[in-house]
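4 protein chains.
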Amino acid sequence: MSQVTDSTRTGKRERLAGAAMRVLHEQGVEKTTLADIARAADVPVGNVYYYFKTKDQLIEAAIDAHGRQLESMISTLEQLPTPQERLKSLLHGWIEQRDLTARYGCPTGTLASELDKRDDGLDRAIAKVMGELLDWVERQFQAMGRDDARELAVALFAAYQGISLLTNTFRDPGLMAVEGRRLERWIDSLA
Amino acid sequence: MSQVTDSTRTGKRERLAGAAMRVLHEQGVEKTTLADIARAADVPVGNVYYYFKTKDQLIEAAIDAHGRQLESMISTLEQLPTPQERLKSLLHGWIEQRDLTARYGCPTGTLASELDKRDDGLDRAIAKVMGELLDWVERQFQAMGRDDARELAVALFAAYQGISLLTNTFRDPGLMAVEGRRLERWIDSLA
Amino acid sequence: MSQVTDSTRTGKRERLAGAAMRVLHEQGVEKTTLADIARAADVPVGNVYYYFKTKDQLIEAAIDAHGRQLESMISTLEQLPTPQERLKSLLHGWIEQRDLTARYGCPTGTLASELDKRDDGLDRAIAKVMGELLDWVERQFQAMGRDDARELAVALFAAYQGISLLTNTFRDPGLMAVEGRRLERWIDSLA
Amino acid sequence: MSQVTDSTRTGKRERLAGAAMRVLHEQGVEKTTLADIARAADVPVGNVYYYFKTKDQLIEAAIDAHGRQLESMISTLEQLPTPQERLKSLLHGWIEQRDLTARYGCPTGTLASELDKRDDGLDRAIAKVMGELLDWVERQFQAMGRDDARELAVALFAAYQGISLLTNTFRDPGLMAVEGRRLERWIDSLA
DNA sequence: TATGAATGAGGGTTCATTCAT
DNA sequence: TATGAATGAACCCTCATTCAT
C-alpha cells in the first residue's frame with residue numbers, strides 16, 4: 725500500500741509533465757497558463773509549485789517527458805532488422821499521426837519554433853531532443869552505407885518537419901500522407 | 725492637401741504594418757506587445773488604435789504586407805526565362821537569408837506555426853499567403869511538364885519550411901546551405 | 725488650463741511617492757501592498773505601473789521624496805544664526821513629532837531598519853538620506869569649533885534614532901520629550 | 725522513557741525557537757518564512773505545527789528565548805562588584821558584537837521595529853524583553869546613587885539602539901566602537 | 001509524533017484596450 | 001488626428017496553514 729502511495733506521489737509529477745506536454749502541444753507555450761496544465765492534470769494550481777518551482781521548470785519536464793517518449797519509440801524501431809525498415813516505420817508512425825498533426829502540428833517542431841522566441845534556455849532543451857532523433861536517423865543512413873548520412877538525415881527530418889507545418893497550416897492530413905509515401909519511395913531508392 | 729493627409733495616413737499605416745511584421749518575426753506573436761510594434765514604427769502607442777481597431781487587425785495588416793512582399797518577389801522571379809531558373813532563384817533567395825533564418829526562422833513558417841494556436845482567424849490569413857506561394861511553385865512544375873506538379877511543389881516548399889526550422893533550432897545557417905544545394909540538384913534532376 | 729493639466733500629471737507621480745512614504749512609514753515596507761499605496765494616493769492599481777516600473781522604484785521615489793523633505797527642513801534651519809540654535813531647533817522638531825514617533829517610529833530609521841533586510845539596493849538609498857542629515861549635523865558641530873564634530877554628530881543622531889525606537893516600542897511620547905531636553909542641555913554644555 | 729520523549733520534544737521546541745530567533749535577526753520577520761526557520765532548525769515544515777499552532781506563536785517563542793538569553797547575560801554581569809563595572813561590561817559586550825550588528829543590527833531593536841508594524845500583540849512581547857533590560861540598567865544607575873536613574877538608563881539604552889541602527893545602516897562597525905568608548909567615558913563621569 | 005503533500009488566498013506585474021483632451 | 005494617461009482582467013508565484021497517513 726505504501727507502494728500505491730509512492731506511485732501516486734511520483735505519478736503526480738509525471739502526470740503534470742505529461743499533461744503539460746499535451747496541453748503545450750495543443751495550445752502552444754504562450755497561450756497555455758499554469759491553470760490550464762493544472763486542470764488537465766487534475767491538480768490544484770497552488771500544488772503545481774510543490775513539484776515545479778517555475779513554469780519554465782514544468783515546461784522543461786514536459787520536454788524531457790517528450791524526449792523519453794521519443795526514445796521509447798526509437799527502442800521499438802530498433803527491433804526491426806534493417807535500417808530501411810526502421811526509417812520507413814518511423815515514417816509510418818508520422819503518417820499515422822497525421823490527423824493530430826493537421827490539428828496541432830508536430831509537437832517537437834511547434835515547440836522548437838515557439839521556444840526559440842524566449843529568453844530562457846528552453847530552446848536548447850528541445851533542440852537536444854530533436855538532435856537525438858536526428859542522430860538516430862543519421863545512424864540508419866550510415867548503416868545503409870551512405871557517406872552522406874548526415875545530409876540525408878537532415879533532409880528527411882526537415883521534410884517531415886516541413887510537411888507537418890504545411891499539414892497543420894492547411895489543416896490537411898492528406899498532405900502528410902502523400903509526402904510520406906514520396907519519402908518512402910525516396911528511401912527505397914537510396915538502397 | 726487631402727492627398728498629403730492621405731499619404732501621411734497611408735504611410736503611417738504601412739509603417740506600422742511593416743514594423744509589425746519585422747518585430748513579429750523577431751519576437752514571435754505572443755511575446756510582442758503593441759508597445760513593441762509602436763516603438764519600432766516610431767508611433768505613439770495610443771495612436772496605433774486610430775489605424776487598427778485591435779491587435780489582431782494590426783497582425784493581419786502585417787501578414788498582408790508580408791504577402792505583398794512575397795508577390796513582389798515572385799514578380800521579379802517571373803522575369804527569368806525558364807521555370808527551373810525561377811525555382812532555383814527562389815532557392816537562392818532562401819539560402820541568402822540563412823543567417824536571418826538561423827536567428828529567427830522563416831517569417832511565414834514561424835508565423836503560421838504560432839497563429840495556428842490562436843482562436844481568431846489569423847491562421848487563415850497566413851495560410852492564404854503561404855498557399856499563394858505554393859501555387860506559384862506548382863505552376864513552375866507544371867510549366868516543366870510535370871503531372872505531379874502539386875506534389876512536387878508541396879515537397880519543395882515543405883523541404884524549405886523544414887530546413888528553416890532545423891536551421892533555426894540548431895542555429896546553424898550551414899544546414900540551409902547544404903540542403904539548398906541538394907534541392908537545387910533535385911530540381912535539375914526533374915527536367 | 726494646460727498648466728492645470730500638467731500639474732495634475734506631474735502631481736500624480738509625486739502624489740504616489742508622497743502617499744508611499746506615508747503608508748510605508750505607517751505600515752512598514754513588507755506589510756504595505758501596492759494596492760495600499762494606490763488607495764492612499766487615490767490611483768487605480770494598474771495605473772501605478774505607468775509611473776513606476778516596479779514596487780522598488782516606487783519605494784525609491786518615496787525615499788527621494790523623504791530626502792527632499794529633510795533638505796527643505798534643513799534649509800529652514802539654516803536661517804538660524806548659530807549652530808547651537810540650529811541643532812536645538814532640529815531637536816525641537818523631533819520632539820514636536822513625538823506622538824507620531826510613538827505611533828510609528830522615525831520614518832528614516834524604521835525604513836533603514838527594514839530595507840536592510842532586503843536584497844535590492846534600497847538600503848543604500850535610505851543610507852544616503854540619513855548620511856546627508858548626519859553630515860549637516862557634523863557641520864554644525866564644526867561651526868562650533870569642535871574637533872570631534874563627526875563623533876558628536878554620530879552621537880546626537882544615534883541618540884535620536886535610539887530614543888525614537890524606545891518611544892515607539894513603549895508607545896510613550898514622554899520618553900522623547902525627556903531625552904530631547906537632556907540632549908538640549910548636552911548641546912549647551914558643548915559650547 | 726517518557727523523559728526521553730519529553731526531552732526530545734522540549735529539545736525540538738527550543739531548537740525551533742532558537743533557530744527562529746537567529747533567522748529572524750538575519751532576515752527580518754517579514755522576509756522569513758516558516759520553511760526558512762524549519763530548515764535552520766533541521767525540522768520538517770509540517771512538523772513545526774505540532775509545536776506551534778501559528779507562525780506568531782513561534783515568533784513569540786523566539787522572543788522568549790531571546791529574553792532568557794538576555795537574562796543569562798545579566799546574571800553574568802551581576803557577578804561584577806560595582807554598577808559602573810557592570811554597565812561598562814554590558815557596553816563591552818555590545819562593542820564585541822559590532823560586526824554582527826553592522827550586518828544585521830541589534831536583534832532586540834530590529835525585531836521591535838518590525839513587530840511594531842503588525843497587528844498581532846507581538847510588539848508587546850519584545851517590548852517586555854526590552855523593558856526588563858532597561859529596568860536592570862536603571863537599577864545600576866540607582867546603585868550609583870543617581871536620582872535620575874531612569875532618565876540615564878533610557879539615555880544609555882537609546883544610545884545603544886541608535887548607534888546599532890547607524891552601524892547597521894552604514895555597515896560600519898567602527899561607529900559602534902567609537903560611540904561605545906564615548907559612552908564608557910560618560911559612565912565614568914557620572915560616578 | 002512525524003511528515004510529505006495539498007490548498008487557496010493574496011501579492012506584484014503585464015498589457016490590450018479605452019479615455020480625455 | 002494625435003497622444004499621454006487610465007483601466008482592469010489575467011497571469012505567475014509565494015506561503016501560512018491544513019490534511020492524510
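So the sequences go chain by chain: A, B, C and D.
For the first sequence, the positions run 725 to 915 when our numbering is used.
For the second sequence, the positions run 725 to 915 when our numbering is used.
For the third sequence, the positions run 725 to 915 when our numbering is used.
For the fourth sequence, the positions run 725 to 915 when our numbering is used.
Glycine is no exception: its CB is placed at the ideal position from the N, C-alpha and C atoms.
Taking residue i as the reference, which of the options has the closest Cα?
| i | options | result |
| --- | --- | --- |
| threonine 806 of chain A | A:Gln864, A:Leu899 and A:Leu914 | A:Gln864 |
| glycine 904 of chain C | D:Ile887, D:Arg895 and D:Val878 | D:Val878 |
| leucine 857 of chain C | C:Met900, C:Leu846, C:Gln866 and C:Glu795 | C:Glu795 |
| lysine 736 of chain A | A:Asp780, A:Leu748, A:Ala785 and A:His749 | A:Ala785 |
| valine 769 of chain B | B:Ile783, B:Ala759 and B:Leu835 | B:Ala759 |
| valine 753 of chain A | B:Val902, B:Ser913, B:Arg842 and B:Phe881 | B:Arg842 |
| tyrosine 775 of chain D | D:Ala873, D:Ala744, D:Leu748 and D:Ile798 | D:Ala744 |
| serine 799 of chain C | C:Thr832, C:Asp788 and C:Ser813 | C:Ser813 |
| glutamate 908 of chain D | D:Val767, D:Arg895, D:Leu880 and D:Gly886 | D:Leu880 |
| glycine 791 of chain D | D:Pro831, D:Glu820 and D:Arg906 | D:Pro831 |
| glutamate 802 of chain A | A:Val767, A:Ala826 and A:Val861 | A:Val861 |
| threonine 778 of chain C | C:Gln808, C:Ala741 and C:Gln866 | C:Ala741 |
| arginine 874 of chain C | D:Leu899, D:Met854 and D:Gly869 | D:Leu899 |
| methionine 797 of chain C | C:Asp844, C:Val853, C:Ala882 and C:Ala762 | C:Val853 |
| glutamine 751 of chain C | C:Ser913, C:Ala882, C:Arg827 and C:Leu914 | C:Arg827 |
| alanine 867 of chain B | B:Ala836, B:Glu809 and B:Gln821 | B:Glu809 |
| leucine 748 of chain A | A:Glu738, A:Ile787, A:Tyr884 and A:Gly869 | A:Ile787 |
| lysine 755 of chain C | D:Ala762, D:Asp840 and D:Arg822 | D:Asp840 |
| leucine 914 of chain B | B:Thr834, B:Arg870 and B:Gln793 | B:Arg870 |
| threonine 891 of chain D | D:Arg906, D:Asp823, D:Leu876 and D:Glu838 | D:Asp823 |
| glycine 886 of chain C | C:Arg906, C:Ala849 and C:Gly833 | C:Gly833 |
| arginine 906 of chain D | D:Tyr884, D:Val772 and D:Val767 | D:Tyr884 |
| glycine 855 of chain B | A:Asp780, A:Arg895, A:Val772 and A:Gln793 | A:Arg895 |
If contacts are defined as beta-carbon pairs under 8 angstroms, then residue i and residue j qualify, I think. What distance do you get, rounded to the angstrom?
| i | j | result |
| --- | --- | --- |
| leucine 889 of chain A | glycine 829 of chain A | 7 angstroms |
| leucine 811 of chain A | isoleucine 911 of chain A | 5 angstroms |
| alanine 851 of chain B | threonine 893 of chain A | 5 angstroms |
| alanine 901 of chain D | isoleucine 783 of chain D | That pair is no contact at about 31 angstroms. |
| alanine 836 of chain A | aspartate 844 of chain A | Contact doesn't hold; Cβ gap of about 14 angstroms is too wide. |
| alanine 765 of chain A | arginine 739 of chain A | 5 angstroms |
What I want to know is whether the C-beta of residue i ends up closer than 7 angstroms to one or more non-hydrogen atoms of the ligand PLP.
| i | result |
| --- | --- |
| glycine 752 of chain D | The ligand content of the structure shown is nil, which means the ligand PLP is not present either. |
Residue i CB to nearest chain D CB: under 8 angstroms?
| i | result |
| --- | --- |
| alanine 901 of chain C | no |
| serine 913 of chain C | no |
| aspartate 760 of chain C | no |
| leucine 890 of chain C | yes |
| alanine 744 of chain C | no |
| lysine 755 of chain C | yes |
| tyrosine 773 of chain C | no |
Are any of the Cβ atoms in chain A nearer than 8 angstroms to that of residue i?
| i | result |
| --- | --- |
| valine 861 of chain B | no |
| methionine 725 of chain B | Only weak support exists for where methionine 725 of chain B lies, its pLDDT of 37 falling under 50; the coordinates are left without a value. |
| alanine 764 of chain B | no |
Please check if any C-beta of chain C sits within less than 8 angstroms of the C-beta of residue i.
| i | result |
| --- | --- |
| isoleucine 887 of chain D | yes |
| glutamine 751 of chain D | yes |
| aspartate 730 of chain D | Only weak support exists for where aspartate 730 of chain D lies, its pLDDT of 44 falling under 50; the coordinates are left without a value. |
| alanine 836 of chain D | yes |
| threonine 778 of chain D | no |
Would you say residue i lies against chain B (beta-carbon separation less than 8 angstroms)?
| i | result |
| --- | --- |
| methionine 797 of chain A | no |
| valine 878 of chain A | yes |
| methionine 868 of chain A | no |
| glycine 833 of chain A | yes |
| arginine 906 of chain A | yes |
| threonine 825 of chain A | no |
| lysine 852 of chain A | no |
4 or more residues per run - each alpha helix (DSSP H) lying fully within the region 813-878 of chain B: 822-828, 831-839 and 846-867
Length-filtered (4 minimum) alpha helix (DSSP H) runs lying within the region 729-771 of chain B: 758-765
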